[in-house]
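So for the sequence shown, this note's numbering puts the first residue at 2; every next one is plus one. Each residue gets a CB set at the ideal place from its N, CA and C atoms; glycine is no exception. The structure displayed is predicted, hence computed values, not measured ones. Let me begin by presenting the structure, written as structure tokens, before commenting on it.
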Amino acid sequence: MKLRPERVTCPSAPPKGKASGRFENPARSARVTVRPAARMSVLRPLDKLPELNTATILLVSTEDALLQQLADSMLREDCASQLNVHLARSLPLPSSVTRPRIDLIVFVVNLHSKYSLQNVEESLCHVDASFFLGKVCFLATGAGQESHCSIHHNTVVTLARTYRSPLLFCDLKVENFRVTMAQRLVRMLQVCAGHTPGVSALSLVSLLQSPESPSLEDL
Numbered sequence: 002m003k004l005r006p007e008r009v010t011c012p013s014a015p016p017k018g019k020a021s022g023r024f025e026n027p028a029r030s031a032r033v034t035v036r037p038a039a040r041m042s043v044l045r046p047l048d049k050l051p052e053l054n055t056a057t058i059l060l061v062s063t064e065d066a067l068l069q070q071l072a073d074s075m076l077r078e079d080c081a082s083q084l085n086v087h088l089a090r091s092l093p094l095p096s097s098v099t100r101p102r103i104d105l106i107v108f109v110v111n112l113h114s115k116y117s118l119q120n121v122e123e124s125l126c127h128v129d130a131s132f133f134l135g136k137v138c139f140l141a142t143g144a145g146q147e148s149h150c151s152i153h154h155n156t157v158v159t160l161a162r163t164y165r166s167p168l169l170f171c172d173l174k175v176e177n178f179r180v181t182m183a184q185r186l187v188r189m190l191q192v193c194a195g196h197t198p199g200v201s202a203l204s205l206v207s208l209l210q211s212p213e214s215p216s217l218e219d220l
């Protein structure tokens, strides 16, 4: 498998630091295709040292266009840290590719595509168990068009519960919803990267799974 070509998006008024959308040299305004490597690696949260004031998120999905739009929306958000957004169609990632420490993985499932769910299920096998201590979440899109759904709502709910990770719903095709989700993911990423005092990734998961969980704006 291989990563799809990824685009480095530079907003007109970028947040502090710089944002990169690929796994090699973080030069701006560039495209890169990562060729499949012979050896693949299991993602572990602590296999790389954290970078100062840097937060990195990995979005995994077969929905290329939606993933890119979500990444663009995140990069437009004001973030106190240097925000890195990386995209991958599936896991595992090529072991030969130089990449930063990943603070949060978001698996995006399109409820209109059984292949999308299968891809996520297969990719989960290449994530170390310690990542599920608050550094993984699932995002389901397409629930608004129930008549077109080929995946039942309870299927993704069960998947998220199995891996004890938060499940978010959002129609990524609707710009307003996508922007709101981008804001939420940036706040979650700040917590997972350890940049929000008093809140850990594990406590965030507990809050999100609580029936009376506060909004991320209050964290």
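Asked                                                                                                                                                                             : Found
What span of residues does the alpha helix (DSSP H) with T142 cover, start to end?                                                                                                : That residue, T142, is in no alpha helix (DSSP H); its beta strand (DSSP E) goes 137-142.
Are the Cβ atoms of T181 and L67 separated by less than 9 Å?                                                                                                                      : no
How many whole angstroms separate the CB atoms of Q191 and A72, which I take to be in contact at a CB cut-off of 8 Å?                                                             : Q191 to A72, Cβ: 16 Å. No contact.
Could you name the residues of the same chain whose beta carbon sits closer than 6 Å to that of I58, not counting the 5 residues immediately before and after it, in chain order? : V86, L105, L190
Kindly indicate which three-state DSSP category H87 falls into: helix, strand or coil?                                                                                            : strand
Hey, how far is the Cα of F133 from the Cα of A144?                                                                                                                               : 25 Å
For Q83, count neighbouring Cβ atoms within 10 angstroms of its own Cβ and tell me buried if that reaches 16, exposed if not.                                                     : buried
Suppose contacts are defined by Cβ-Cβ distances below 9 Å. Is L98 in contact with F139 by that definition?                                                                        : Position check: residue 98 holds Val in this sequence, whereas Leu was assumed. Not closer than 9 Å, so no.
DSSP three-state call for S117: helix, strand or coil?                                                                                                                            : helix
L173 and R165 - do their beta-carbons sit closer together than 9 Å?                                                                                                               : no
Rounded to a whole number of angstroms, what is the C-alpha to C-alpha distance between R188 and H149?                                                                            : 31 Å
Distance, Cα to Cα, V61 vs L186?                                                                                                                                                  : 14 Å
Let me know if L205 comes out buried or exposed under the rule of 16 or more other beta-carbons within 10 Å of its beta-carbon.                                                   : buried
The beta strand (DSSP E) spanning L169 covers which residue range?                                                                                                                : 168-170
Is A56 helix, strand or coil by DSSP?                                                                                                                                             : strand
For L92 versus C126, is the C-beta distance shorter than 9 Å?                                                                                                                     : yes
Where DSSP assigns a beta bridge to N222, which residues make up the other side?                                                                                                  : The first residue shown for the chain is 2 and the last is 220, placing residue 222 beyond what the model contains.
Take E78 as the anchor and find which of T197, V200, A183 has the nearest alpha-carbon.                                                                                           : A183
Got a sec? Which residues, its chain only, sit under 8 Å from A194 by beta carbon, not counting five neighbours each side?                                                        : P51, T55, A56, T57, S82, D104, L105
For H113, tell me which candidate among I152, P101, D129 has the shortest Cα-Cα distance.                                                                                         : I152
I need the boundaries of the alpha helix (DSSP H) containing S74, first residue and last residue.                                                                                 : 65-76
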